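Position 141 of the sequence shown, counting from 1, maps to 141 under the UniProt record's numbering, and the rest follow consecutively. Ideal Cβ positions, reconstructed from N, Cα and C, are used throughout, including at glycine. Small disclaimer: the values here were computed from a predicted structure and weren't measured.
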Amino acid sequence: MQHLKYLSAYPNTLQDKVRRLIAQQQLGAYLDARYPSKHAVQSDRALYDYCSDLKQEFLRVAPAIDKVFYDSKLDVLRHALGLHTAISRVQGARLKAKKEIRIASLFRDTAPEFLRMIVVHELAHLKESDHNKAFYRLCELMQPGYHQIEFDLRLYLTHRDIARSKVA
Numbered sequence: 001m002q003h004l005k006y007l008s009a010y011p012n013t014l015q016d017k018v019r020r021l022i023a024q025q026q027l028g029a030y031l032d033a034r035y036p037s038k039h040a041v042q043s044d045r046a047l048y049d050y051c052s053d054l055k056q057e058f059l060r061v062a063p064a065i066d067k068v069f070y071d072s073k074l075d076v077l078r079h080a081l082g083l084h085t086a087i088s089r090v091q092g093a094r095l096k097a098k099k100e101i102r103i104a105s106l107f108r109d110t111a112p113e114f115l116r117m118i119v120v121h122e123l124a125h126l127k128e129s130d131h132n133k134a135f136y137r138l139c140e141l142m143q144p145g146y147h148q149i150e151f152d153l154r155l156y157l158t159h160r161d162i163a164r165s166k167v168a
């Protein structure tokens with residue numbers, strides 16, 4: 001029985017369905033049918049603009065974002081797909097906090113829904129620091145169907161790991 005590290009928190013019945021898709025080599029086809037296109041947000045500047053537009057639409061009163069970029073080391077070193085940080089610096093008598101959002105570079109080549117989901121997730125942390133009900137309500141407001149897309153992203157990561165292990 002195959003261990004599904006990205007799906008370990010889900011019920012066994014659901015994991016069994018995914019295992020069947022993997023065994024029948026249908027997981028890739030399922031994902032391609034649901035998410036056939038790739039997004040056009042390729043540069044760090046375009047990613048910053050994308051995040052800023054979403055923030056302006058849903059979180060006008062949240063703190064400003066100072067930097068947004070694709071991070072090629074993020075998923076490897078931190079086991080995270082996105083990261084939000086506040087870097088504090090002393091400037092004279094003032095303490096300034098700069099907000100950064102880092103998105104794993106693997107999102108450069110994914111479906112637009114996956115990029116939006118991870119950006120929405122990191123933006124929601126500007127308002128809600130914990131993964132609580134209010135946090136997920138905010139995610140759902142910014143991206144309807146958030147939970148399904150998050151699950152499908154976990155399927156995508158599983159499929160990606162399987163494809164990598166076959167090459168290695």
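Along the beta strand (DSSP E) that carries residue i, what are the first and last residues, could you check?
{"i": "Gln91", "result": "82 to 91"}
{"i": "Glu128", "result": "Note, Glu128: premise wrong, no beta strand (DSSP E); not H, not E."}
{"i": "Val68", "result": "67 to 71"}
{"i": "Lys98", "result": "94 to 104"}
Verify whether the separation of the beta carbon atoms of residue i and residue j is less than 8 Å.
{"i": "Leu31", "j": "Asp152", "result": "yes"}
{"i": "Lys55", "j": "Leu141", "result": "no"}
{"i": "Leu7", "j": "Arg154", "result": "yes"}
{"i": "Asp44", "j": "Tyr70", "result": "yes"}
Could you give the C-beta distance for residue i and residue j, rounded to a whole number, given that I count them as a contact under 8 Å?
{"i": "Ile103", "j": "Val119", "result": "7 Å"}
{"i": "Ala86", "j": "Lys98", "result": "7 Å"}
{"i": "Tyr156", "j": "Phe114", "result": "7 Å"}
{"i": "Gly5", "j": "Asp109", "result": "Note that residue 5 corresponds to Lys in the displayed sequence, not to Gly. No, Lys5 and Asp109 are not in contact; Cβ-Cβ is about 21 Å, not under 8 Å."}
{"i": "Ser105", "j": "Ser72", "result": "4 Å"}
{"i": "Ile162", "j": "Ile22", "result": "7 Å"}
{"i": "Arg116", "j": "Gln143", "result": "6 Å"}
May I have the straight-line CA-CA distance separating residue i from residue j, to the nearest angstrom?
{"i": "Leu126", "j": "His159", "result": "31 Å"}
{"i": "Leu74", "j": "Gly82", "result": "7 Å"}
{"i": "Glu100", "j": "His3", "result": "34 Å"}
{"i": "Cys51", "j": "Val68", "result": "8 Å"}
{"i": "Arg34", "j": "Val18", "result": "15 Å"}
{"i": "Lys96", "j": "Ala62", "result": "15 Å"}
{"i": "Ser88", "j": "Asn12", "result": "43 Å"}
{"i": "Arg60", "j": "Gly92", "result": "28 Å"}
{"i": "Ala9", "j": "Arg94", "result": "43 Å"}
{"i": "Phe58", "j": "Pro36", "result": "27 Å"}
{"i": "Cys139", "j": "Glu150", "result": "11 Å"}
{"i": "Arg20", "j": "Val90", "result": "55 Å"}
{"i": "Asp53", "j": "Lys166", "result": "39 Å"}
{"i": "Tyr136", "j": "Leu47", "result": "22 Å"}
Is the closest heavy atom of the ligand ZN to the C-beta of residue i under 7 Å?
{"i": "Ala134", "result": "With respect to small molecules bound, the structure shown includes none, and the ligand ZN cannot be examined in it."}
Could you tell me the boundaries of the alpha helix (DSSP H) in which residue i lies?
{"i": "Lys166", "result": "146 to 167"}
{"i": "Asp49", "result": "44 to 58"}
{"i": "Gln26", "result": "It is not in any alpha helix (DSSP H) - Gln26 carries neither H nor E in the DSSP assignment."}
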